[in-house]
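Asks: Shown below is the structure under consideration.
Protein chains: 2
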Amino acid sequence: MYRKEIKVLDCTIRDGGLMNNHLFTNEFVQNIFKASNRAGVDYVELGYKADESQFNRNEFGPMKFCSEKDVEMAVGSEEKNCKISVMVDIGRVDPDDIIPKGESLIDMMRVASYVKDIDKAINLVNLIKSKGYETSINIMAVSHSRENDLDEALQQIENESAVDVVYLVDSFGALYSEQIAYLAKKYRSMLPSRELGIHAHNNQQLAFANTIEAIIQNVNYLDATMLGIGRAAGNCPLELLLGFLKNPKYDLRPVLEVLESEFVDLSKKIEWGYTIPYALTGILDVHPRAAMAVRKSEKPDDYTSFYDKLVNEANV
Amino acid sequence: MYRKEIKVLDCTIRDGGLMNNHLFTNEFVQNIFKASNRAGVDYVELGYKADESQFNRNEFGPMKFCSEKDVEMAVGSEEKNCKISVMVDIGRVDPDDIIPKGESLIDMMRVASYVKDIDKAINLVNLIKSKGYETSINIMAVSHSRENDLDEALQQIENESAVDVVYLVDSFGALYSEQIAYLAKKYRSMLPSRELGIHAHNNQQLAFANTIEAIIQNVNYLDATMLGIGRAAGNCPLELLLGFLKNPKYDLRPVLEVLESEFVDLSKKIEWGYTIPYALTGILDVHPRAAMAVRKSEKPDDYTSFYDKLVNEANV
Chain A
290 MYRKEIKVLD
300 CTIRDGGLMN
310 NHLFTNEFVQ
320 NIFKASNRAG
330 VDYVELGYKA
340 DESQFNRNEF
350 GPMKFCSEKD
360 VEMAVGSEEK
370 NCKISVMVDI
380 GRVDPDDIIP
390 KGESLIDMMR
400 VASYVKDIDK
410 AINLVNLIKS
420 KGYETSINIM
430 AVSHSRENDL
440 DEALQQIENE
450 SAVDVVYLVD
460 SFGALYSEQI
470 AYLAKKYRSM
480 LPSRELGIHA
490 HNNQQLAFAN
500 TIEAIIQNVN
510 YLDATMLGIG
520 RAAGNCPLEL
530 LLGFLKNPKY
540 DLRPVLEVLE
550 SEFVDLSKKI
560 EWGYTIPYAL
570 TGILDVHPRA
580 AMAVRKSEKP
590 DDYTSFYDKL
600 VNEANV
Chain B
290 MYRKEIKVLD
300 CTIRDGGLMN
310 NHLFTNEFVQ
320 NIFKASNRAG
330 VDYVELGYKA
340 DESQFNRNEF
350 GPMKFCSEKD
360 VEMAVGSEEK
370 NCKISVMVDI
380 GRVDPDDIIP
390 KGESLIDMMR
400 VASYVKDIDK
410 AINLVNLIKS
420 KGYETSINIM
430 AVSHSRENDL
440 DEALQQIENE
450 SAVDVVYLVD
460 SFGALYSEQI
470 AYLAKKYRSM
480 LPSRELGIHA
490 HNNQQLAFAN
500 TIEAIIQNVN
510 YLDATMLGIG
520 RAAGNCPLEL
530 LLGFLKNPKY
540 DLRPVLEVLE
550 SEFVDLSKKI
560 EWGYTIPYAL
570 TGILDVHPRA
580 AMAVRKSEKP
590 DDYTSFYDKL
600 VNEANV
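Top to bottom, those sequences are chains A and B. The first sequence begins at 290 in this note's numbering and counts up one residue at a time. The second sequence begins at 290 in this note's numbering and counts up one residue at a time.
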């Protein structure tokens, strides 16, 4: 019944960390890692590998940096069955920080890139691959790319990169399932020698549904987070994805345990998930940044004035 | 671009009323009606037409009963452009309360029925139809019906009833889009002379996605509620549905206004929407009643013990 090629990647700590500068306690990070590791999740993404000369450890938690020592802390005494991934942003990573895979607990590095930066992404991914890591390129904001630019980028990735997985990323939570299907078919046909992944946002409560649509379209790498935590409206909820997948190696129970022990409190301290301003940026296919500002302002529920502003901007 | 046959039915007051015995203020009811009426919504469902000898007005708000006087109150001074629907439950309505359509503000009556009660539903719907109303049969809990029983019920509806619309109802929020597509195709082929509708629940955050899938499968009557309010995990959010539909007659703005003025407070007073217990009953395809009890108990976030209980019960 199940497709053994499917890999679940839990980016709870990485994407959730965008909401609090990764200022999680060590215990929280360890508990999340432990839960996903025991749930049979294939990859746990701990954070970013950010350049310490650009970002300050006084402002950001350890999972912004993911040095070997930080990663060892996250794993703690847990027997590591999953793989560990980190994200690297173009221009925000020091290539000298990337030690050979044989010396690292990290298994995969994922490069986030806009279509316009695809040459830089390919260079970076080829460097990382040469050090022995699994790699991905996550093409962000694909709902905003011009189709011929996207086609060219995919062609280039297929021809010039050593990347293992290419992700379809719905950064703005703007895409409907038919559009996911259309793009997944395009990626599949233009990247015949690579695996595909999906990273969906939940502005329109479609992150889980779009992930299922991607599965139907033979996408095998699936991003999800516990209780959908992540920037703005958040991501595909891991608990729903594990409930859907039929592979008996996945066990929902460790995830429920950590949702109960860690997330009930956390969701009272930081906000993420479906709200009307995020729904509106999703519907209108724009970056959630303006909606995030509204939610942090003194008037987080001024929906109509926010809507009028977005619509007026779109009509200029 | 748009399909003119599509009708949106806002059941905010009716389904939302299940969470508070319909004890909304008159002003709230009027504001919801006004907002949907001005948003171009095709039908506004105000509540139930419950038998006053069975239910007490001291315990339930007016929208449990929807007498003509109650409906007049809801419409208030607003110019009625939408149609008004009410729901009738088999055995809970006094047929003598159903006056001829010409004397009523109500346009449509919807009969909720399990597959096993389909004969009663057909009798009731034929009575209502003979009084001049539009009618629907909403076949509840379809994820639990045996396929040959469902087939027989659909055949009977086609042959013996005067009903206008037959609804596919995912009462437990258990169905994935492929299953919605499968059922919608079945309904379409077995009910060639009727319109089809969809009423989805949001236990797995799939209510909106499944409504879109139903649209793709030529289902034209679409239930939704503001901010997804409704029993347990609630329904397809009206604001997302209007944002998706391309018919220029729909206007999102009046809905945003009332979300801002009425729902920010309401969502602090009564709980509905996605929580882990509702997700679990959806994943396991069981009635949300046990999850509702957990959410009302002193331990609303004891996810693991609730999960263990559900799994044990399923294995007995």
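A virtual CB, placed ideally from N, CA and C, is assigned to each residue, including glycine.
Mind pulling the chain B residues with CB within less than 7 Å of VAL553 of chain A?
Replies: Those within 7 Å of VAL553 of chain A in chain B are ASP590.
Asks: What did DSSP end up calling ARG584 of chain A once you bin it into helix, strand or coil?
Replies: Here ARG584 of chain A sits in helix by DSSP.
Asks: To the nearest angstrom, report how far apart GLU441 of chain B and VAL454 of chain B are at their CA atoms.
Replies: Roughly 17 Å separates the two Cα atoms.
Asks: Under 8 Å between C-beta atoms, does TYR596 of chain A make it to chain B?
Replies: Yes, contact with chain B.
Asks: Compare the Cα-Cα distances from GLU357 of chain A to each of A:ILE411, A:ILE387, A:PHE344, A:LYS372 and report the closest residue.
Replies: For the residues A:ILE411, A:ILE387, A:PHE344, A:LYS372, the minimum Cα distance to GLU357 of chain A belongs to A:ILE387.
Asks: My output table needs one value for GLY336 of chain B: the three-state DSSP class, helix, strand or coil.
Replies: If DSSP states are grouped into helix, strand and coil, GLY336 of chain B belongs with the strands.
Asks: Give me whichever residues DSSP pairs with GLY486 of chain B in a beta bridge.
Replies: GLY486 of chain B pairs with B:TYR456, B:TYR510.
Asks: Helix, strand or coil for MET515 of chain B, going by three-state DSSP, please let me know.
Replies: In the structure shown, MET515 of chain B sits in a helix (DSSP, three-state: H, G or I).
Asks: Under 7 Å, CB to CB, which of the residues in the stretch 456 to 488 of chain B have a partner in chain A?
Replies: Per Cβ criterion, the list reads TYR465, SER466.
Asks: Taking 6 Å as the limit between beta carbons, can you name the residues of its chain near ASP359 of chain B, skipping five residues before and five after?
Replies: Counting only Cβ-Cβ distances below 6 Å, and skipping sequence neighbours, we find PRO351.
Asks: Please state whether DSSP places ASP438 of chain B in a helix, a strand or coil.
Replies: ASP438 of chain B falls in the helix class under three-state DSSP.
Asks: Would you say ALA568 of chain B lies against chain A (beta-carbon separation less than 8 Å)?
Replies: So, interface residue.
Asks: Just the Cα atoms here: how many angstroms apart are ASP597 of chain B and ALA568 of chain B?
Replies: Each residue's alpha carbon lies about 14 Å from the other.
Asks: Could you tell me which of A:SER432, A:ASN320, A:VAL600, A:ASN310 sits nearest to HIS488 of chain A, measuring between CA atoms?
Replies: Residue A:SER432 is the option with its Cα nearest to HIS488 of chain A.
Asks: Return the chain-ordered ranges of every beta strand (DSSP E) run that is complete within the stretch 332 to 390 of chain A and spans a minimum of 3 residues.
Replies: Complete beta strand (DSSP E) runs here, min 3: 332 to 337, 372 to 378.
Asks: Do LEU495 of chain B and LEU298 of chain B have their beta-carbon atoms positioned less than 8 Å apart in this structure?
Replies: No. Outside cutoff.
Asks: What's the gap between the Cα of VAL330 of chain B and the Cα of GLU467 of chain B?
Replies: Spanning the two alpha carbons is a distance of roughly 28 Å.
Asks: Can you give me, in chain order, the residues of the stretch 487 to 514 of chain A that have a beta carbon less than 7 Å from any beta carbon in chain B?
Replies: Against chain B - using a Cβ distance shorter than 7 Å - the residues of the stretch 487 to 514 of chain A are GLN493, GLN494, LEU495, PHE497, ALA498, ILE501.
Asks: Under 8 Å between the Cβ atoms of ILE565 of chain B and GLU528 of chain A?
Replies: A contact, by the Cβ cut-off of 8 Å.
Asks: Going by DSSP, name the residue or residues bridged to ALA401 of chain A.
Replies: Answer by DSSP bridge pairing, in chain order: A:ASP378, A:ASN427.
Asks: Starting from the N-terminal side, write out each stretch of the alpha helix (DSSP H) that is 4 residues or longer and does not extend beyond the stretch 524 to 589 of chain B.
Replies: Listed in chain order, the complete alpha helix (DSSP H) runs (minimum 4 residues) inside the stretch 524 to 589 of chain B are 527 to 533, 542 to 547, 553 to 558, 565 to 572, 578 to 585.
Asks: Less than 8 Å separating the beta-carbons of HIS490 of chain B and SER450 of chain B?
Replies: No, the Cβ-Cβ distance between HIS490 of chain B and SER450 of chain B is not below 8 Å.
Asks: With a threshold of 8 Å, are at least 3 pairs of Cβ atoms found where one atom belongs to the stretch 332 to 347 of chain B and the other to the stretch 366 to 380 of chain B?
Replies: Contact holds: three or more Cβ-Cβ distances are below 8 Å.
Asks: Grab the span of the beta strand (DSSP E) containing LEU307 of chain B for me, first residue to last.
Replies: LEU307 of chain B -> no beta strand (DSSP E), and no H or E assigned at all.
Asks: Given a cut-off of 8 Å, decide if GLY305 of chain B and THR514 of chain B are closer than it, judged by their beta-carbon atoms.
Replies: For THR514 of chain B and GLY305 of chain B, yes; Cβs fall inside 8 Å.
Asks: Find out if the Cβ-Cβ distance for the pair PHE344 of chain B, LYS338 of chain B is shorter than 8 Å.
Replies: No, the Cβ-Cβ distance between PHE344 of chain B and LYS338 of chain B is not below 8 Å.
Asks: Check each candidate in B:ASN427, B:LEU516, B:SER393 and name the one with the smallest Cα separation from GLY562 of chain B.
Replies: Among B:ASN427, B:LEU516, B:SER393, the Cα nearest to that of GLY562 of chain B is on B:LEU516.
Asks: The alpha helix (DSSP H) that contains LYS598 of chain B, what's its start and end?
Replies: Here the alpha helix (DSSP H) through LYS598 of chain B covers 592 to 604.
Asks: List the residues of chain A that LEU529 of chain B touches, going by C-beta distances under 8 Å, in chain order.
Replies: What LEU529 of chain B touches in chain A: GLN493, GLN494, ALA568, ILE572.
Asks: Relative to the C-alpha of LEU545 of chain B, which residue among B:SER325, B:ILE302, B:MET398 is closest?
Replies: Of B:SER325, B:ILE302, B:MET398, the residue nearest in Cα terms is B:SER325.
Asks: Mark GLY523 of chain A as exposed unless 16 or more other C-beta atoms lie within 10 angstroms of its C-beta, in which case mark it buried.
Replies: It counts as buried.
Asks: What did DSSP end up calling VAL297 of chain B once you bin it into helix, strand or coil?
Replies: DSSP places VAL297 of chain B in strand when its eight states are reduced to three.
Asks: Run through chain B and tell me which residues come within less than 7 Å of ARG542 of chain A, C-beta to C-beta.
Replies: Chain B residues near ARG542 of chain A: THR593, TYR596.
Asks: Reducing DSSP to helix, strand and coil, say where GLN493 of chain B ends up.
Replies: Coil at GLN493 of chain B, not helix or strand.
Asks: Counting only beta-carbon separations shorter than 8 Å, does PRO351 of chain A have a partner in chain B?
Replies: Not closer than 8 Å to any Cβ of chain B, the Cβ of PRO351 of chain A fails to qualify, so no.
Asks: Can you tell me the Cβ-Cβ gap for ASN536 of chain B and ILE295 of chain B, rounded? I've got them flagged as a contact below 8 Å.
Replies: About 7 Å separates the two Cβ atoms, so the contact holds.
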